[in-house]
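Chains as they are written, first to last, in this note's numbering: chain A, 6 to 118; chain B, 64 to 176. Just so you know, even glycine gets a beta-carbon here, dropped at the ideal spot from N, CA and C. Here the structure is a predicted model, which means the values were calculated and not measured. Structure first, then comments.
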Amino acid sequence: GESVGLHLPTLSVQEGDNSIINCAYSNSASDYFIWYKQESGKGPQFIIDIRSNMDKRQGQRVTVLLNKTVKHLSLQIAATQPGDSAVYFCAETRDSGTYKYIFGTGTRLKVLA
Amino acid sequence: DAGVTQSPTHLIKTRGQQVTLRCSPKSGHDTVSWYQQALGQGPQFIFQYYEEEERQRGNFPDRFSGHQFPNYSSELNVNALLLGDSALYLCASSLTLSGNTIYFGEGSWLTVV
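And the structure:
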């Protein structure tokens, strides 16, 4: 079946350190991947996306890496700040048309002062 | 430029009742998807509407139904509510011809007692 999973349910990092959140996916047909941040009581907020023809994409303080060989996705947050504390979800889908998104359970990121 | 808006934000219903949730997509978007997010879980795809028709559906019973209006807004209806229907219901919108990036609203919290 299709699934998107996360390796760590909770990640605690010191303020100022870099954070790495990992995700595994199983559907080889997926060609579009997205990271969302969800703060308590709010809807998921788009962070960054990557298409399968890329291995790496950078945004402001965030980098997404895609390893299609092992079906692995990661989100790197540089200089983690208290405002980064949230649950992070990866999602997979197909980029043609509007296919459904498949989400994992999520990783909670806690930033320690 | 308004984002995705949902109403109501919170509501409490009794088992067996019916509920209607509403969503206005982001300006310019023509496709609306609905997701159910149980506490501590990732969002699960319910269905998607485009051109006032249900285009695809996830693994949800027929008690879950929806509608899209000519102005692209949408409703989610759930009949014969069960305790297990308690969740955050998320609406997401996208523009079909511009790829598959979806943007979420803040959600409607439904509690069934």
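When we look at the beta-carbon of residue i and count the other beta-carbons within 10 Å, is it buried (16 or more) or exposed?
i, result
"A:E1", "Missing from the structure shown is residue 1 of chain A; chain A here goes from 6 to 118 and no further."
"B:N163", "buried"
"A:P49", "buried"
"A:L117", "exposed"
"B:I165", "buried"
"A:L71", "buried"
"A:K61", "exposed"
"B:A65", "exposed"
"A:S35", "buried"
"A:E7", "In this predicted model, A:E7 has a pLDDT of only 42, less than 50, meaning its place in the structure is not dependable; the value taken from the coordinates is given anyway. By the neighbour-count rule (16 or more Cβ atoms within 10 Å), A:E7 is not buried but exposed."
"B:I75", "exposed"
"A:I55", "buried"
"B:S90", "exposed"
"A:G10", "Because A:G10 carries a pLDDT of 46, less than 50, the predicted location of this residue cannot be relied on, and the following value inherits that uncertainty. Classification for A:G10: exposed."
"B:S37", "Lying outside 64 to 176, the shown extent of chain B, residue 37 of chain B is not represented and no answer is given."
"B:L173", "buried"
"A:K89", "Residue identity differs from the one stated: residue 89 of chain A is Asp in this sequence, not Lys. The residue in question, A:D89, is buried, as its Cβ has 16 or more Cβ neighbours within 10 Å."
"A:Q63", "exposed"
Tell me whether the beta-carbon of residue i lies closer than 9 angstroms to the beta-carbon of residue j.
i, j, result
"A:C40", "A:V75", "Just to set this straight, residue 40 of chain A is Trp in the shown sequence, not Cys. In this structure, A:V75 does not lie closer than 9 angstroms to A:W40 by Cβ."
"A:D114", "A:V18", "Inspection of the sequence shows that residue 114 of chain A is occupied by Leu rather than by Asp. Cβ distance < 9 angstroms, so A:L114 and A:V18 count as in contact."
"B:V175", "B:L151", "no"
"A:Y37", "A:D100", "yes"
"B:S128", "B:L139", "yes"
"B:Q99", "B:P106", "yes"
"B:E115", "B:F132", "yes"
"A:Q65", "A:E20", "no"
"A:A84", "A:D22", "yes"
"A:T112", "A:I26", "yes"
"B:F167", "A:F51", "yes"
Following the continuous beta strand (DSSP E) through residue i, name the residue where it begins and the one where it ends.
i, result
"B:Q107", "Q107 to Y113"
"A:H77", "H77 to I82"
"B:S171", "S171 to V175"
"A:I52", "Q50 to R56"
"A:E44", "Unbroken run through A:E44: none, as it is neither H nor E."
"A:E20", "Where A:E20 is concerned, there is no enclosing beta strand (DSSP E), given that its DSSP letter is neither H nor E."
"B:Y152", "A150 to S157"
"A:V116", "T112 to L117"
"B:L145", "Taken as a continuous stretch (DSSP letters only), B:L145 belongs to no beta strand (DSSP E), as it is neither H nor E."
"A:N72", "V67 to N72"
"B:R118", "E116 to R120"
"B:H130", "F127 to Q131"
"B:Y98", "T94 to Q100"
"A:V92", "A91 to T98"
What does DSSP give as the partner residue(s) for residue i in the beta ladder?
i, result
"B:T83", "B:N140"
"B:H73", "B:W172"
"A:N27", "A:S79"
"A:K61", "A:L70"
"B:T68", "B:S87"
"A:F38", "A:I55 and A:E97"
"A:F108", "A:A96"
**Request:** Please determine if the stretch 77-97 of chain B and the stretch 152-164 of chain B are in contact, where contact requires at least 3 C-beta pairs separated by less than 8 angstroms.
**Result:** yes
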